[in-house]
Amino acid sequence: MSSSKIQELKKNRQLNYKGKKNQLKYGLIFIMIVSFIYLYLFRNNFIYSIIWLLGLFIGFTLQKSRFCFTASFRDPIMVGSTSIFKAVIIAFIISTVGFAIIQYKSLGGNIDTDIMKIPGQIAPVGVHTALGAILFGIGMVIAGGCASGTLMRIGEGFILQLIVLIGFVIGTLLGARHFEFWDKLFISKSPAIYIPHYLGFPLSITIQILVLIILYYIADWYDKNNNMMAM
Amino acid sequence: MIKGDYMKFYQKIIKKPWTYVVGGIILAILNIILFWFSGKTWRITSGFLYWGMGILEKFGLEHSNWYYFNVYGNELTKGKTFFNNEYTILNLAVILGALIAALLASEFKWKKIKSKKQLVFALLGGILMGYGSRLSFGCNIGAYFSAIPSFSLHGWVYAIFMFVGAWIGCKLLFKFLL
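Protein chains in written order, with the numbering used here: chain A, 102 to 332; chain B, 22 to 199.
Written out as structure tokens, the structure is:
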């Protein structure tokens with residue numbers, strides 16, 4: 102490589118570095134913008150203002166920790182690494198405890214309430230769950246990101262993820278359009294199963310946390326034997 | 022002294038990436054706080070459907086004619102529209118939160134699409150995820166990250182089959198993209 106070319110590369114690098122340094126300013130401008138939106142929401146809709154704040158922290162955390170659910174499933178298969186998967190399990194252990202307390206308080210200890218009235222993400226389980234999950238799993242690997250990863254990468258400047266978002270909108274519309282078909286075929290025949298209805302609260306929490314801990318150790322063991330990066 | 026502390030904070034929290042475990046712990050706590058305050062857990066993809074339906078309604082389609090919007094509590098809550106709802110707030114906030122994190126660490130960069138193939142896979146992947154999320158009542162967040170701690174069995178079934186899907190996806194990726 103000629104020395105002039107090296108000089109040019111050095112110069113480019115410095116330019117990049119300068120460009121990088123400047124971004125802090127833009128970051129602060131955006132913090133101001135989101136703060137104004139927060140104040141506006143705070144005055145008009147208190148719950149929205151909290152959701153807004155939490156969403157900002159979620160996005161911030163996703164970006165800072167490169168938290169990628171796609172990678173948590175893909176890396177064990179492709180490179181044998183389970184480090185993100187283990188982090189997801191730790192998140193599950195914490196949220197299991199938190200969610201249990203919220204549900205218990207909201208139900209006033211009476212868990213035999215109608216399943217529709219239990220707060221949280223409770224939905225019918227059946228063939229449709231498996232089908233949807235398989236489609237989602239394929240989609241997230243070939244698109245290179247799941248729902249949260251897509252939002253996070255749009256924030257980082259990936260134009261590709263805007264295309265994924267357009268795909269998402271089209272896909273959800275098609276899915277909703279065909280929903281009657283799937284409902285009559287599978288969903289309407291499938292029950293929603295809330296585990297504490299069968300095992301009670303204390304046992305459900307204990308078993309779930311135990312399963313998660315076992316999964317953690319299996320993932321850890323798998324990583325030690327298969328991780329290509331660590332070898 | 023104070024300036025030194027500030028620099029340390031800046032280097033550690035803002036500039037350097039966090040570990041996955043720290044990320045996982047914070048996300049779990051944020052999801053719990055969200056559930057506590059709003060009564061609803063973190064969800065994403067229904068918000069994408071709402072945006073799509075909002076656009077279609079601009080072209081004269083009526084959502085109430087759709088079977089989907091009449092069952093399983095999919096009806097729009099009173100006082101909300103397809104653009105003005107908690108999903109929009111949350112999804113936009115996640116994008117802006119990530120943007121701010123990237124800018125403060127000077128990591129923001131417009132990254133262009135590399136090839137036609139990549140574009141097709143991105144669009145196809147998005148469509149598959151969107152369609153799948155309607156079948157399974159949620160995405161990797163609604164039917165997994167928020168469903169397992171809700172003690173709903175479908176969260177666990179979802180997890181297992183998302184793994185199967187990811188495995189198929191990896192095979193496809195090796196075959197067509199790499």
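Quick reminder that beta carbons are idealized off the backbone N, C-alpha and C, glycines included.
Would you check if there are 3 or more beta carbon pairs closer than 8 angstroms linking the segment 205 to 220 of chain A to the segment 76 to 89 of chain B? Cβ pair count under 8 angstroms is below three, so no.
Step through the CB atoms of chain B and report whether any lies within less than 8 angstroms of the CB of residue 278 of chain A. So yes, residue 278 of chain A belongs to the interface.
Would a check of beta-carbon distances place residue 102 of chain B closer than 8 angstroms to chain A? No, residue 102 of chain B does not count as interfacial toward chain A.
Could you tell me which chain A residues have their CB closer than 9 angstroms to the CB of residue 55 of chain B, listed as they occur along the chain? Those are 151, 152, 155, 156 and 159, listed as they occur along chain A.
Chain A contact for residue 154 of chain B (CB, 8 angstroms cutoff): So, interface residue.
Measuring CA to CA, which of B:146, B:28 and B:171 is closest to residue 191 of chain B? When only C-alpha atoms are compared, the closest one is B:146.
Which residue or residues does DSSP assign as beta-bridge partners of residue 295 of chain A? Paired residues: B:173.
Check each residue of the segment 178 to 190 of chain B: if its Cβ is closer than 7 angstroms to any Cβ of chain A, include it; give the result in chain order. Of all residues in the segment 178 to 190 of chain B, 178, 179, 182, 183, 184, 185, 186, 187, 188, 189 and 190 have a Cβ within less than 7 angstroms of some Cβ in chain A.
Is the Cβ-Cβ distance between residue 143 of chain B and residue 268 of chain A less than 8 angstroms? Yes, they are a contact pair.
From the DSSP output, read off the bridge partner residues of residue 98 of chain A. Within the shown structure, residues of chain A are numbered from 102 to 332, placing residue 98 of chain A beyond reach of any answer.
Output the distance between the C-alpha atoms of residue 190 of chain A and residue 330 of chain A, rounded to the nearest integer angstrom. In this structure, the CA atom of residue 190 of chain A is about 21 angstroms from the CA atom of residue 330 of chain A.
Between the Cα of residue 283 of chain A and the Cα atoms of B:131, B:123, B:134 and B:152, which residue gives the shortest distance? If we check each option's Cα against that of residue 283 of chain A, B:152 comes out closest.
So residue 201 of chain B and residue 187 of chain A are in contact, right, with Cβ under 8 angstroms, and what is the actual spacing, rounded? Only positions 22 to 199 of chain B appear in this structure, which leaves residue 201 of chain B out of reach.
Exposed or buried, which one is residue 257 of chain A when buried takes at least 16 other CB atoms within 10 Å? Using a 10 angstroms sphere on the CB of residue 257 of chain A, the tally of other CB atoms reaches 16 or more, which defines it as buried.
Using a Cβ-Cβ distance under 8 angstroms, would residue 265 of chain A count as near chain B? Cβ-Cβ to chain B under 8 angstroms: yes for residue 265 of chain A.
Should residue 307 of chain A be flagged as near chain B, meaning a C-beta pair shorter than 8 angstroms? No, its Cβ sits nowhere closer than 8 angstroms to a Cβ of chain B.
Three-way DSSP call (helix, strand, coil) for residue 220 of chain A in this model: Coil at residue 220 of chain A, not helix or strand.
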